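From first to last, the protein sequence lines are chains A and B. Read left to right, the first sequence gives residues 0 to 166 (numbering that gives the first Met the number 0). Read left to right, the second sequence gives residues 0 to 166 (numbering that gives the first Met the number 0). One structure is given below, encoded as structure tokens.
2 protein chains.
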Amino acid sequence: MADGRTGHGESLLYLTDEQLRQGIEAMFFAYRGFTADPDRILSDMAYGRAHHRAVHFINRAPGTTVNNLLNILGVTKQSLNRVLRTLIEDGLVESHVGKVDKRERHLYLTETGAALEQKLSDAQRARMRAAFRDAGPEAVAGFRTVLEAMMDSELRGAYTRLKESGT
Amino acid sequence: MADGRTGHGESLLYLTDEQLRQGIEAMFFAYRGFTADPDRILSDMAYGRAHHRAVHFINRAPGTTVNNLLNILGVTKQSLNRVLRTLIEDGLVESHVGKVDKRERHLYLTETGAALEQKLSDAQRARMRAAFRDAGPEAVAGFRTVLEAMMDSELRGAYTRLKESGT
DNA sequence: TTGGAATGTCAACAAGACTGACATAAAATG
DNA sequence: CATTTTATGTCAGTCTTGTTGACATTCCAA
């Protein structure tokens with residue numbers, strides 16, 4: 000079995016501890032690349048990765064409520080609130096009291112906010128596009144399959160809902 | 000072109016902005032899952048993700064120097080030093096002055112440190128294994144191809160060197 | 001031999017996560 | 001209608017992990 004094959008003819012080389020470790024390290028190094036470009040842009044302003052995430056998902060689902068965003072981002076409301084407060088103060092995000100349920104705040108990007116979101120996601124998409132182009136369509140399909148399998152089930156739900164809303 | 004195909008017969012659907020955005024969100028949610036299990040274990044102790052990373056790479060390359068680790072982890076030496084200090088104080092890591100160059104410190108896991116590393120990587124590997132199993136070998140190959148293409152070039156070098164040392 | 005480069009340590013600070021406690025307003029429920 | 005629950009926001013304090021600045025030690029090359 001030193002060749003990584005089982006007795007029943009199907010290759011399980013991709014399940015050896017060595018392969019798993021390589022997958023773990025690939026994930027670690029790739030995530031650094033994944034966030035590097037937006038981080039560079041953000042460090043010039045008074046913003047960080049947390050602001051990027053908020054702006055991304057508000058752009059993605061305009062009118063979303065704070066609670067909704069909380070569930071997607073997986074942080075505490077205190078933590079998110081600090082970020083939202085600065086974004087609202089700086090005029091990148093608008094918060095509107097809900098019409099049917101007045102407790103809720105619905106979040107929207109302003110023009111300035113949308114411009115920042117565009118700038119950040121352009122940088123991130125450029126890298127993703129290059130990686131996808133180099134890797135080819137089958138690799139991309141595999142990439143997405145593995146990532147989906149790696150998510151926690153509640154997050155997979157959130158991801159799928161976003162994915163399907165984006166047609 | 001609304002069907003995502005180009006005129007020259009090759010599908011470029013995987014390069015549409017929508018597909019790229021889905022890739023970005025998949026990466027975001029999957030990374031959360033990727034770190035969730037070790038984070039849970041670590042939160043019970045006085046350690047965090049930074050300790051996990053240090054312990055992982057010391058285990059991976061025993062006797063590595065601080066500078067070496069610095070390059071792999073991509074943080075400042077001051078930041079790494081704090082983490083290493085607590086790990087050394089707690090008897091998880093040993094630091095030996097270099098024999099040929101006395102400025103260098105060579106890092107090793109103690110038995111206790113190796114036990115923690117094992118516990119953390121078991122948890123992380125279990126999730127990776129499940130994802131790999133569900134996705135199948137071709138998807139896994141694609142996953143790794145895309146991740147490698149997404150790394151910064153210097154990091155890809157570090158990753159490849161680690162990968163090749165691990166036979 | 002001396003001055004610069006490499007390596008590592010200590011101290012202080014900032015971002016961004018956390019918990020806990022509390023306030024307000026609105027909705028839902030008895 | 002009174003009470004409870006829900007959604008949101010805020011204040012205060014802590015923790016992890018990143019940062020810069022200052023400094024000590026060691027090595028090496030001019």
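We put the beta carbon where it would ideally sit given N, CA and C, even for glycine. Please read all numbers here as calculations on a predicted model, not as lab measurements.
Can you say whether residue i is buried or exposed, counting buried as having 16 or more other CB atoms within 10 angstroms of its CB?
i         : result
Thr159(A) : exposed
Ser120(B) : buried
Met44(A)  : exposed
Gly22(A)  : buried
Thr111(B) : exposed
Thr144(B) : buried
Val54(A)  : buried
Lys82(A)  : Reading the sequence as shown, one finds Val at residue 82(A) and not Lys. It is buried - the Cβ of Val82(A) has at least 16 other Cβ atoms within 10 Å.
Glu116(A) : buried
Val99(B)  : exposed
Gly47(B)  : exposed
Gly32(A)  : buried
Arg84(B)  : exposed
May I ask you to report which of helix, strand or coil DSSP gives residue i?
i         : result
Thr5(A)   : Its pLDDT being 46, under 50, Thr5(A) is placed unreliably in this model, and the value from its coordinates should be taken loosely. In this structure, Thr5(A) counts as coil in the three-state DSSP scheme.
Val54(A)  : helix
Thr75(B)  : coil
Tyr46(A)  : coil
Thr250(B) : The question about residue 250(B) has no answer, for chain B in this structure spans 0 to 166.
Leu11(B)  : coil
Val96(A)  : strand
Leu91(A)  : coil
Arg102(B) : coil
Met0(B)   : For Met0(B), the predicted structure reports a pLDDT of 45, less than 50, and the residue's modelled location is therefore unreliable. A value from the coordinates is still provided. Residue state, collapsed to three classes: coil.
In chain order, what residues of the same chain lie with their CB nearer than 8 angstroms to the CB of residue i, ignoring the 5 residues before and after it?
i         : result
Glu103(B) : Thr64, Val65, Asn66, Val96 and Gly97
Arg4(A)   : Since pLDDT at Arg4(A) reaches only 44, below the 50 mark, its modelled position is unreliable, and no value is offered.
Asp36(B)  : Ala122, Gln123, Ala125 and Arg126
Gly73(B)  : Leu154
Leu91(B)  : Val54, Leu108, Thr109, Thr111, Gly112 and Leu115
His50(B)  : Leu41, Val82, Thr85 and Leu86
Please report whether the beta-carbon of residue i lies at a distance below 8 angstroms from any beta-carbon of chain A.
i         : result
Tyr46(B)  : no
Arg31(B)  : yes
Gln117(B) : no
Pro136(B) : yes
Thr5(B)   : With a pLDDT of only 46 at Thr5(B), under the threshold of 50, the placement of this residue in the model should not be trusted; the figure read from the coordinates follows. No - not a single Cβ of chain A is within 8 angstroms of the one on Thr5(B).
Thr75(B)  : no
Leu68(B)  : no
Val82(B)  : no
Thr85(B)  : no
Arg126(B) : yes
Residue j and residue i - do their beta-carbons sit closer together than 8 angstroms?
i         : j         : result
Arg124(B) : Asp151(A) : no
Leu68(A)  : Ala29(B)  : no
Ala140(A) : Gly141(B) : yes
Ala148(B) : Ala134(A) : yes
Arg128(B) : Leu19(A)  : yes
Gly62(A)  : His105(A) : yes
Lys101(A) : Ile40(A)  : no
Closest Cβ-Cβ distance between residue i and chain B: below 8 angstroms?
i         : result
Leu14(A)  : yes
Gly112(A) : no
Met0(A)   : Low confidence applies to Met0(A): its pLDDT is 45, below 50, so where it sits in the model is not reliable, and the reading given next is rough at best. Judged by the 8 angstroms Cβ criterion, Met0(A) is not in contact with chain B.
Gly22(A)  : yes
Ser10(A)  : yes
Pro37(A)  : no
Val54(A)  : no
Tyr107(A) : no
Leu19(A)  : yes
Val65(A)  : no
Val139(A) : yes
Val145(A) : yes
Considering only residues of the same chain and omitting the five flanking positions on each side of residue i, which have a CB-CB separation below 6 angstroms?
i         : result
Leu161(B) : none
Short of 7 angstroms in beta carbon distance, which residues of its chain neighbour residue i, apart from the five on each side in sequence? Order them along the chain.
i        : result
Asn58(A) : Leu108, Ala113 and Glu116
Ile71(B) : Phe56 and Ala157
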